[in-house]
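Undergrad: Just passing along the structure, written as structure tokens.
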Amino acid sequence: MTDRDDDEGAVEGDQTLSTGGLDDFYSMFQRERDKRLQRYQVYVANGNYAKHLTTALKSFQGVPNLHIADLVQWKTFLRNAEFPAYGAPAILVDFLAPQTVQGSLDEPDVATGYLDGDQDLQIVRTHSLRLMAWESEST
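Mapping to full-length UniProt numbering: the sequence shown position 6 is 6, numbers consecutive.
Following this line, the structure appears as structure tokens:
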């Protein structure tokens with residue numbers, strides 16, 4: 001048997017792959033999606049939902065005047081990333097090149113940075129309409 005034959009046999013033997021890991025991943029993904037839907041349904045049923053929705057619109061409508069190195073924070077109800085936390089400052093790192101969809105909140109136009117628990121600078125790309133100047137709790 002030549003090396004070529006050994007390689008072909010190895011390839012043929014690898015043709016039956018287990019999908020157990022993918023099935024587990026899909027199940028976990030579906031459970032998380034179901035939990036998010038359930039939280040949303042509970043929130044919508046809350047008497048404050050309409051008031052919060054109006055607050056979110058008012059928050060969205062304010063156009064920030066931001067500059068590189070400004071400390072910024074998420075506007076109320078407009079956070080779209082896990083970090084930084086609401087009320088915690090981030091630093092405006094860069095303005096990004098315009099994307100193909102103008103004015104969409106799904107297209108980032110700024111990069112912000114925050115320090116993670118290991119004191120490493122992490123970069124988050126988001127839309128500037130989601131941000132406002134940071135307001136220190138001591139002010």
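Beta carbons: idealized from backbone N, C-alpha and C, even for Gly.
In terms of DSSP beta bridges, what is F95 paired with?
TA: F95 is bridged to V110.
Undergrad: Could you check if D109 is buried or exposed, using at least 16 other CB atoms within 10 Å of its CB as the buried criterion?
TA: That one is buried.
Undergrad: When you compare only the Cα positions, how much space is there between S136 and F83?
TA: In a straight line, the C-alpha of S136 is about 17 Å away from that of F83.
Undergrad: Going by C-alpha distance, which of L22, E107, V72, D116 is nearest V93?
TA: Answer by Cα proximity: V72.
Undergrad: Do R130 and L96 have their CB atoms nearer than 8 Å?
TA: Against a cut-off of 8 Å, the Cβ pair of L96 and R130 comes out as no contact.
Undergrad: Which whole-angstrom value is the C-beta distance of K58 and M132, which I expect to be below 8 Å?
TA: Between M132 and K58 the Cβ distance is about 12 Å, and since that is not below 8 Å, they are no contact.
Undergrad: Note down the Cα distance separating V44 from M28, rounded to an integer number of angstroms.
TA: In a straight line, the C-alpha of V44 is about 24 Å away from that of M28.
Undergrad: What residues match up with W74 in a beta bridge as DSSP calls it?
TA: W74 is bridged to L131.
Undergrad: Measuring CA to CA, which of F60, F77, L22, E32 is closest to Y49?
TA: Comparing Cα-Cα distances from Y49 to each of F60, F77, L22, E32, the minimum goes to F77.
Undergrad: Could you check whether G113 and Q122 sit closer than 8 Å to each other, using their CB atoms as the reference points?
TA: Result yes, Cβ atoms of Q122 and G113 sit closer than 8 Å.
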